[in-house]
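Undergrad: Numbering (full-length UniProt numbering), first residue to last: 1 to 667.
Here a beta-carbon is modelled for each residue, glycine too, at the ideal position from N, C-alpha and C.
Note that the structure is a prediction, hence the values are computed from the model and not measured.
This is the structure I have questions about; it appears just below.
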């Protein structure tokens, strides 16, 4: 016996069987949808809120760690630079390691180059036991420290005058031999620059580290050890300024677990009499730091096993803690761990409050939705009921029956829609055709306008950048950087123009400056050179880029001479008296365009800096060139040797005055 049946679902049968009123059909599904949407929204809001908390906590920890790491590297970079400068000066013979006066004056000048936070002491310990140094003490003043034969082996502290020379004796301390200090022994053993272990300062009870660098004579004998100190309390002061939620903390510790610094006021050491004892992170008074360190030791087994940034989480008393630990190393013998811990409750408190508010608002919205649904259902069903009654009358032969609906919506316009449809369609078609023609005209006019604007933009781009660079920018090359091995750079400054600004109107001043710089622009175009920029009354031009050329130095020299003549001519015309100072240098540069807004074509490199120094160290009415430029031009131009001068950042340099073209080559 076979049984067959049709089990397809027909929704019409459901409504025919149950005879649901249309008002109920309109309201109930609407309310059910809102209830489902509200419930789902609340659940998703809570889940997304928790996920957002996790993501935010991870982002916050990563940003804080990055900030701490950047600050640490800033702190530790200055000692390395100062040591290398002093080592080079001694090895090259510019600084006599036996002349204590020269050393203290050198250290005194260097203390102005850096913040006392990053460098608290600069010194040299000799292999013969002599010690000379400059240090910033807890009494907030710089002092010169000295020990050795001249002090009977004791540590003497002297006041320092404005030139870095020792003044009156301030203190006669204990016996001091630099050769038995940890930093000295560490550097000699390593035979290279190395960070010392954390140690207690010889004079004051404070923790320090030293970047020590050994010095050797030409024969290989040890000359001594240079040292630069950094006081670890500055790290603690920086960590205390970091706000991590409501109760988050950050701290730095060694692989051994000893505390380096933390964001809590507690010092990383205890003082018992004359003894200074360092504190382990697991013994810190702060509960969060102490428990976090215990968890890390348990989780990793040994802090030495943490060789990459890690993000972990653990619970204390039911509260989840987010932890990020990142290894930090700098050179030799400095290997720390940066730890940031943030309680989840710092973030979830607001999320939970928002969730409660969301639920309350959702219930209010649900009640309002039910009321609005009932009113909407009646507003919809009443005209339909009237239409139903009229339809039944027409079915019974009452063709005079009409439905009057005093509304302007679809039900009100239904009676007249068909009579007006044909006329409206015809009118709509004509309007559409006219609109299409109008739109075509607008598109054509707009296209022409866009083409004109594009041509203006391209011309403006060519006015700002070289043609080759402009083409690369048009090809959507966002960052442009090219290396040019041999270019010649000219810096010019109008001497006396700033003083002139106090005697003439701004409009007159700008007009004169525009006249002079326009003349310079024409000279640059004449010689095939590239103007880079103007800053105030300074002018910068370069030859040999963006298209390399072998005669860039010659073209720059010719333009420099013509610039001098142009300024002289202008002074004759205006009756004003001022001169131009020019500096020229030749060498490699990097040229390009970087940034997103108001970008320009610019140059970078030591060649640029030296060219600028040639201008700033020159004389009014003179053209000063470097040896590199002189070697390329001395066979075509007349020069006068200026001799060695001290250039900031370069030291002594031989420079030349460009006088004129060689008579043998003049037309």
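On a CA-only basis, which of 87, 169, 76 and 162 is nearest residue 196? Give me that one, please.
TA: Nearest of 87, 169, 76 and 162 to residue 196, Cα basis: 76.
Undergrad: Check each candidate in 125, 148, 120 and 156 and name the one with the smallest Cα separation from residue 140.
TA: Comparing Cα positions, the closest option is 120.
Undergrad: Once you ignore the five residues that flank residue 239 on each side, which residues in its own chain have a CB closer than 8 Å to its CB?
TA: Excluding residues within five positions, the ones whose Cβ falls inside 8 Å are 68, 250, 251, 252, 261, 262 and 263.
Undergrad: Please classify residue 567: is it buried, with 16 or more other beta-carbons within 10 angstroms of its beta-carbon, or exposed?
TA: With 16 or more other Cβ atoms within 10 Å, it is buried.
Undergrad: Is residue 632 helix, strand or coil by DSSP?
TA: Correct three-state label for residue 632: helix.
Undergrad: How far does the alpha helix (DSSP H) with residue 526 in it reach, from first residue to last?
TA: Counting along the chain, the alpha helix (DSSP H) containing residue 526 begins and ends at 506–526.
Undergrad: In this structure, how does DSSP classify residue 99 when only helix, strand and coil are distinguished?
TA: Three-state DSSP puts residue 99 in coil, outside helix and strand.
Undergrad: Whose CA, out of 201, 174, 443 and 169, lies closest to the CA of residue 182?
TA: Checked all of 201, 174, 443 and 169; the closest Cα to residue 182 is 201.
Undergrad: Taking only three categories from DSSP, how would you classify residue 206?
TA: Coil.
Undergrad: Can you give me the start and stop residues for the beta strand (DSSP E) that residue 171 sits inside?
TA: Its beta strand (DSSP E) spans residues 166–175.
Undergrad: So does the stretch 266–285 actually touch the stretch 78–86, counting three or more Cβ pairs closer than 8 Å?
TA: The answer is no - the stretch 78–86 does not touch the stretch 266–285, with fewer than three Cβ pairs under 8 Å.
Undergrad: Which term fits residue 392, buried or exposed, when burial requires 16 or more other beta carbons within 10 angstroms of its beta carbon?
TA: Residue 392 comes out exposed.
Undergrad: Should residue 676 be labelled buried (16 or more other beta-carbon atoms within 10 Å of its own) or exposed?
TA: The requested residue 676 does not occur in the structure, where the chain is confined to residues 1 to 667.
Undergrad: May I have the straight-line CA-CA distance separating residue 316 from residue 299, to the nearest angstrom?
TA: So the alpha carbons of these two residues sit roughly 14 Å apart.
Undergrad: Between residue 79 and residue 246, what straight-line distance do the alpha-carbon atoms span, to the nearest angstrom?
TA: Approximately 35 Å, taken between the alpha carbons.
Undergrad: Could you tell me which residues DSSP puts in a beta bridge with residue 481?
TA: Partner(s): 592.
Undergrad: Put residue 423 into one of helix, strand or coil per three-state DSSP.
TA: Because residue 423 carries a pLDDT of 49, less than 50, the predicted location of this residue cannot be relied on, and no value is offered for it.
Undergrad: Is it a yes or a no for the stretch 226–240 touching the stretch 331–340, going by three-plus beta-carbon pairs under 8 Å?
TA: As far as the Cβ criterion goes, the stretch 226–240 does not touch the stretch 331–340, which means the pair count is below three.
Undergrad: Measure how close the beta-carbons of residue 225 and residue 188 come, nearest whole angstrom, since I'm counting them as under 8 Å.
TA: Rounded, the Cβ-Cβ distance is 7 Å, consistent with contact.
Undergrad: With 16 other CB atoms within 10 Å as the buried threshold, where does residue 668 fall?
TA: Look at the range of the chain in this structure, 1 to 667, and you will see that residue 668 is not part of it.
Undergrad: Helix or strand or just coil, what does DSSP make of residue 149?
TA: Looking at residue 149 - three-state DSSP - the assignment turns out to be helix.
Undergrad: Just confirm the distance between the C-beta atoms of residue 495 and residue 579, as a whole number of angstroms; I'd bet it's less than 8 Å.
TA: With 8 Å as the limit, residue 495 and residue 579 qualify as a contact, their Cβ atoms being about 5 Å apart.
Undergrad: Roughly how many angstroms lie between the CA atoms of residue 33 and residue 286, to the nearest whole one?
TA: Near 52 Å, if we compare the C-alpha coordinates of residue 286 and residue 33.
Undergrad: Out of curiosity, what's the CA-to-CA distance linking residue 572 and residue 586?
TA: Straight-line Cα distance between these residues: approximately 33 Å.
Undergrad: Does residue 243 pass the burial test, meaning 16 or more other C-beta atoms within 10 Å, or should it be called exposed?
TA: Exposed, since its Cβ has fewer than 16 Cβ neighbours within 10 Å.
Undergrad: Would you kindly report the start and end of the unbroken alpha helix (DSSP H) that includes residue 335?
TA: That residue, residue 335, is in no alpha helix (DSSP H); its beta strand (DSSP E) goes 335–343.
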